[in-house]
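Protein chains in written order, with numbering that gives the first Met the number 0: chain A, 0 to 580; chain B, 0 to 281. Don't be surprised by glycine CBs; every beta carbon is placed ideally from N, CA and C.
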Amino acid sequence: MRKSIEWMVGGQQGEGIDSTGELFARTLVKHGYSVSTYKQFMSRIKGGHSNFKLKATKDRNYYAGDDVEILLCLDKESLSKNEDKLVENAVVIMEGKETGVERPEGKNYQILSVPLKKIATDLGNPLYKNMIAIGISSALLDLPQDILGEIIGDIFSRKGEDVVKANIEAVQKGYEITQEFLPEQIAKLEATENDDLLFISGNEATGFGSLMAGCRYLSAYPITPASEVMEWLAQELPAVGGTVMQVEDEIAGIAFAIGANYSGTRAMTSTSGPGLSLKTEALGMAGMAEVPIVIVNSQRGGPSTGLPTKHEQSDLQHMIYSTHGEIPRIVLYPSTIEDAFYLAAESFNLAEIYQCPVILALDLGLSMNKMTIPSFDSKRVGIDRGKLLTEDQVGEYDEAFFKRYRVTDDGISPRPKPGMKQGIHLTSSNEHGEDGYINEETDVRNKMMRKRLEKIKDAMIQEPYKLQSNGDIDPKNADVLLVGMGSTYGAIEEAMTKLNAEGKETFAHLHLQQLYPLPINELKDLFGNRKIITIENNYTGQLRLLLQQYLPIHDQIESIVQYDGDPFMVRSIVEQMKEVV
Amino acid sequence: MATMKDLRGDVSTWCPGCGHFSVMAGIQKAIVELGYEPHEFAIISGIGCSGKVSEYIRSNGFHTIHGRSVPVAQGVKMGNPDLKVIASGGDGDGYGIGLGHFVHASRRNIDMSYIVMDNNIYGLTKGQTSPRSSHGFETKSAAQSNKEYPVDPITTSIVNGATFVAQGYAGNIKELSNILKRAIEHRGFSHVNIYSPCVTFNKVNTYDFYKENLTTIEAPFETRDEAIASIREHEGLVTGILYEESRDDFQTKLGTDFDMQSLESGPMDEALLKRVQKKFES
């Protein structure tokens with residue numbers, strides 16, 4: 000009986016690698032498994048090697064895994080590029096002249112050659128070869144055939160009964176081949192009873208959380224890996240009286256959304272690093288004019304056009320410091336796909352409570368990959384519109400010209416919507432007095448700067464950081480604290496477990512979800528005098544630099560970094576940890 | 000009914016004699032004569048001398064950044080279709096850094112008005128060449144005269160699909176406020192370019208220059224081609240409504256019942272969560 004499986008399909012881009020991977024992942028989710036996926040692809044539409052990796056486990060997992068136990072090769076490169084990940088006795092399924100099994104000399108894996116294309120063509124379409132391969136994969140795990148049948152029915156019913164039937168036949172063919180040629184390798188994957196599971200990507204969860212927060216407008220410009228946020232909301236918003244607009248450029252993307260927020264609508268824009276660069280002037284305007292705005296920044300490999308389809312976490316300083324001058328802002332970074340939903344919703348609350356930009360950071364790994372997560376809980380985050388006034392509340396002020404930038408104890412001014420009879424007001428990107436009129440007097444300037452920059456000092460999400468100590472080790476007693484952000488969550492968790500199992504030092508894991516303002520006091524307590532290692536996907540160790548800026552930890556902190564465009568492997572974290580500690 | 004006094008905002012810092020006073024008065028007069036109240040409008044401006052108009056008219060204003068008044072204004076209208084939305088800026092603001100947005104707004108046809116104060120020069124930065132400065136124009140930033148030809152704003156909006164295109168002159172406030180009334184009432188994107196002399200830095204495009212050279216167009220042309228031919232024939236020195244067409248605006252075409260305003264603090268919509276979550280269930 001198996002309790003987990005690591006599987007990969009590779010091939011030429013445009014050959015249905017993604018849909019093949021997704022189909023197998025859904026099959027495993029339906030079998031009750033927790034599945035994490037990772038896609039590798041290139042910045043082109045057709046051609047070039049791409050692959051889809053997944054790990055399925057009985058208990059919850061957050062990481063697509065280091066190894067490969069079953070590899071479907073739909074092109075020749077799939078094997079050479081991934082050979083190093085194959086475990087002992089791995090099964091490699093490949094196109095061959097005739098069906099047969101061989102173990103290449105000096106190798107630890109075996110190859111099942113199948114004339115996939117020929118069998119598929121005989122069944123009616125060469126693309127069915129992916130289904131034959133999925134049939135082989137499922138047979139190796141002795142998965143019940145009806146699960147696949149159901150999913151195929153769901154997906155292909157629109158294309159007609161014949162297509163559904165042919166796909167199912169292709170899967171069955173895969174079963175037959177496996178039973179004939181690899182009967183020894185079949186190991187049953189134990190079924191689990193989880194049925195309350197969602198299978199969702201980070202971009203979808205972000206869009207979903209935004210929808211639930213009452214966001215009704217998104218304006219953006221297409222960019223990898225953020226486009227799906229826009230595409231997903233474009234499908235969902237019209238049904239609730241909202242809309243998505245793909246506008247002419249990144250600058251328009253943020254400017255439209257700022258305009259919509261100014262009018263009283265919850266609105267957002269989504270982008271990736273290069274787009275955020277273009278948006279930064281308007282980011283400053285939102286800060287100065289105190290207009291709420293949520294900006295989703297899904298990071299990819301930089302700088303410039305960099306590695307547009309690869310993973311990196313190198314916009315940290317960009318998100319925290321960008322724009323000229325000094326503005327209030329909040330930067331959040333979900334650890335997991337589940338948290339992407341809740342933090343997206345919370346972003347809209349914080350933007351309106353503090354009347355400032357909120358940047359929700361994602362990275363390609365978090366955005367584009369799917370994971371199995373529990374159903375969402377609508378009670379965990381509510382809707383809080385802050386000091387947005389109703390028509391009646393505006394009337395109570397009894398002003399012919401409403402003081403938009405009224406100085407209050409908490410620095411947050413009550414905000415009318417334009418269109419309210421007694422709420423006529425001026426919003427301004429220039430330095431201004433309480434009435435919004437341009438005012439450059441020094442005492443006004445000082446007062447307004449203090450108002451804007453101090454209002455977010457205590458801004459805090461409900462769960463300022465995630466702390467995982469896996470087992471008995473209290474992080475305050477751990478020798479070493481591993482600190483990460485975003486999609487490295489799962490790899491760091493697994494690395495920590497492995498390191499603790501070796502038993503020399505004790506390790507705990509801290510995953511920061513609020514990067515700015517930093518929860519300094521809480522961090523100070525946790526850091527103490529222990530060794531701190533940041534594990535991050537950038538060259539300069541931006542998370543380490545951030546922590547060093549705010550906390551007196553210069554002598555106790557180091558970084559493990561990786562900036563080649565791929566996510567961390569658990570193996571490499573563990574090896575590097577041994578060098579650092 | 001609002002009066003001109005009700006629409007008076009902050010004290011102006013424009014130079015005495017600046018054409019922008021007339022443009023502002025024209026907007027105020029149009030609002031009064033059409034019978035609107037100040038709170039029904041949102042006036043979105045960019046920066047430069049023209050950018051101050053959102054402060055000088057007492058209405059809802061948003062003084063934004065260089066060249067971005069048009070995208071912000073479109074977002075305001077998308078967020079609240081009940082507002083009357085005016086974007087206003089200068090020729091440097093709108094036809095330099097904001098030109099791309101202007102072209103796209105023309106083809107998109109969101110229901111709003113774009114009013115540009117065109118003084119053929121950068122005023123607030125003290126007299127540099129603008130995208131509207133004529134060929135051969137001499138400024139501090141083009142000391143040996145401007146080698147480039149000016150952007151042609153009204154043919155640009157016409158060729159890019161704007162459904163209302165007009166040109167006014169600050170020296171003729173009666174014609175100007177009539178144009179602005181029609182522009183504000185037009186359903187769709189209306190573009191009004193207004194010759195508004197800069198009395199401090201532009202010694203060429205003066206009130207006298209316009210008085211001598213402008214030709215009045217009495218009625219809009221039937222086709223875009225005719226309007227463009229006439230504008231070219233007069234080297235752009237025309238006033239009046241040049242082209243008007245009735246076409247569904249962007250929001251009508253979307254056909255969505257917008258409800259972006261009614262959200263209140265409280266719990267998440269449980270029924271919506273359950274409905275959408277189904278799409279991700281195993």
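8 Å Cβ cutoff, residue i in contact with chain E
{"i": "B:Val275", "result": "Although the question refers to chain E, the structure presented lacks it and instead comprises the protein chains A and B."}
The beta strand (DSSP E) enclosing residue i, as first and last residue numbers
{"i": "B:Ile193", "result": "Phe188 to Tyr194"}
{"i": "B:Gly89", "result": "Lys83 to Gly89"}
{"i": "B:Asp117", "result": "Met111 to Asp117"}
{"i": "A:Asn50", "result": "His48 to Thr56"}
{"i": "A:His510", "result": "Phe506 to Leu511"}
{"i": "A:Glu535", "result": "Lys530 to Glu535"}
{"i": "B:Glu36", "result": "B:Glu36 -> no beta strand (DSSP E), and no H or E assigned at all."}
{"i": "A:Gly99", "result": "Gly99 to Glu101"}
{"i": "A:Met576", "result": "From DSSP, A:Met576 is part of no beta strand (DSSP E) but of the alpha helix (DSSP H) over Val569 to Val579."}
{"i": "A:Leu466", "result": "Tyr464 to Gln467"}
Residue i: contacting residues in chain B (beta-carbon distance under 7 Å)
{"i": "A:Gly213", "result": "Leu262"}
{"i": "A:Lys278", "result": "Here the premise fails: no neighbours, minimum Cβ distance about 11 Å."}
{"i": "A:Leu196", "result": "Ser281"}
{"i": "A:Ile411", "result": "None at all; the shortest Cβ gap to chain B is about 15 Å."}
{"i": "A:His592", "result": "Here chain A comprises residues numbered 0 to 580, so residue 592 of chain A is not present and cannot be evaluated."}
{"i": "A:Ser261", "result": "In the sequence under discussion, the amino acid at residue 261 of chain A is Tyr, which differs from the Ser named in the question. Within chain B, the residues near A:Tyr261 are Phe61 and Val75."}
{"i": "A:Glu247", "result": "Gly99, His100 and His103"}
Neighbour list for residue i in chain A, Cβ cutoff strictly below 8 Å
{"i": "B:Pro266", "result": "Ser377, Lys378, Gly381 and Ile382"}
{"i": "B:Pro130", "result": "Under the 8 Å cutoff, chain A gives no residues; its nearest Cβ is about 18 Å from B:Pro130."}
{"i": "B:Leu272", "result": "Met211, Phe375 and Ser377"}
{"i": "B:Asp258", "result": "Arg215, Val239, Gly240 and Gly241"}
Secondary structure of residue i, DSSP reduced to three states
{"i": "B:Met267", "result": "coil"}
{"i": "A:Gln561", "result": "coil"}
{"i": "A:Asn88", "result": "strand"}
{"i": "A:Met41", "result": "coil"}
{"i": "B:Asp207", "result": "helix"}
{"i": "B:Ala10", "result": "A small fix is needed here, since residue 10 of chain B is Val in this sequence, not Ala. Note: B:Val10 maps to coil in three-state DSSP."}
{"i": "A:Ser412", "result": "coil"}
{"i": "A:Ile372", "result": "strand"}
{"i": "A:Val243", "result": "strand"}
{"i": "B:Cys197", "result": "coil"}
{"i": "A:Tyr216", "result": "strand"}
{"i": "B:Ala218", "result": "coil"}
{"i": "A:Glu345", "result": "helix"}
{"i": "A:Cys72", "result": "strand"}
{"i": "A:His595", "result": "There is no way to answer for residue 595 of chain A, as the model of chain A reaches only from 0 to 580."}
Residue range of the alpha helix (DSSP H) that includes residue i
{"i": "A:Trp231", "result": "Ser226 to Glu235"}
{"i": "B:Met3", "result": "Segment: none, B:Met3 is in no alpha helix (DSSP H) and carries neither H nor E."}
{"i": "A:Ile4", "result": "Careful: A:Ile4 lies outside any alpha helix (DSSP H), inside the beta strand (DSSP E) at Ser3 to Gln11."}
{"i": "A:Ala360", "result": "Note, A:Ala360: premise wrong, no alpha helix (DSSP H); beta strand (DSSP E) at Pro356 to Asp362."}
{"i": "B:His62", "result": "It is not in any alpha helix (DSSP H) - B:His62 instead sits in the beta strand (DSSP E) that spans Asn59 to His62."}
{"i": "A:Ile253", "result": "Glu249 to Tyr261"}
{"i": "A:Thr441", "result": "Thr441 to Glu453"}
{"i": "A:Met211", "result": "Gly201 to Met211"}
{"i": "B:Ala169", "result": "Looking at the DSSP string, B:Ala169 is not in any alpha helix (DSSP H), and its letter there is neither H nor E."}
{"i": "A:Gly502", "result": "No alpha helix (DSSP H) holds A:Gly502; DSSP gives it neither H nor E."}
Partner residues on chain A for residue i, Cβ-Cβ distance less than 7 Å
{"i": "B:Val198", "result": "Near B:Val198 there are no residues of chain A at all, since even the closest Cβ is about 22 Å away, more than 7 Å."}
{"i": "B:Leu253", "result": "Thr242"}
{"i": "B:Glu269", "result": "Ser377"}
Under 8 Å by beta carbon: chain B residues contacting residue i
{"i": "A:Gly502", "result": "Ordered by position in chain B, no residue passes the 8 Å Cβ test against A:Gly502, which lies about 38 Å from the chain."}
Interfacial residues, the segment 54-73 of chain B to chain A, with Cβ spacing under 7 Å: Glu54, Arg57, Ser58, Asn59, Gly60, Phe61, His62, Thr63, Ile64, Arg67, Pro70, Val71, Ala72 and Gln73
Inside the segment 128-192 of chain A only - alpha helix (DSSP H) runs reaching at least 4 residues: 128-139, 144-155 and 160-180
Chain-ordered residues of the segment 223-245 of chain B with a beta carbon less than 7 Å from chain A: none
Proximal residues, the segment 17-47 of chain B versus chain A, C-beta separation under 9 Å: Glu36, Pro37, His38, Glu39, Phe40, Ala41, Ile43 and Ile46
Unbroken stretches of the alpha helix (DSSP H), 4 residues or longer, contained in the segment 275-330 of chain A: 315-320
Chain B contacts from the segment 429-452 of chain A (Cβ-Cβ distance under 7 Å): Asn429, Tyr436 and Ile437
Interface positions of the segment 105-119 of chain B facing chain A (Cβ-Cβ less than 8 Å), listed along the chain: none
Contacting positions in the segment 234-245 of chain A - beta carbon closer than 8 Å to chain B: Glu235, Pro237, Val239, Gly240, Gly241, Thr242 and Met244
Within 7 Å of chain A by C-beta, residues of the segment 72-100 of chain B in sequence order: Ala72, Gln73, Gly74, Val75, Met77, Gly78, Asn79, Asp81, Leu82, Gly99 and His100
Chain-ordered residues of the segment 388-409 of chain A with a beta carbon less than 7 Å from chain B: Phe400
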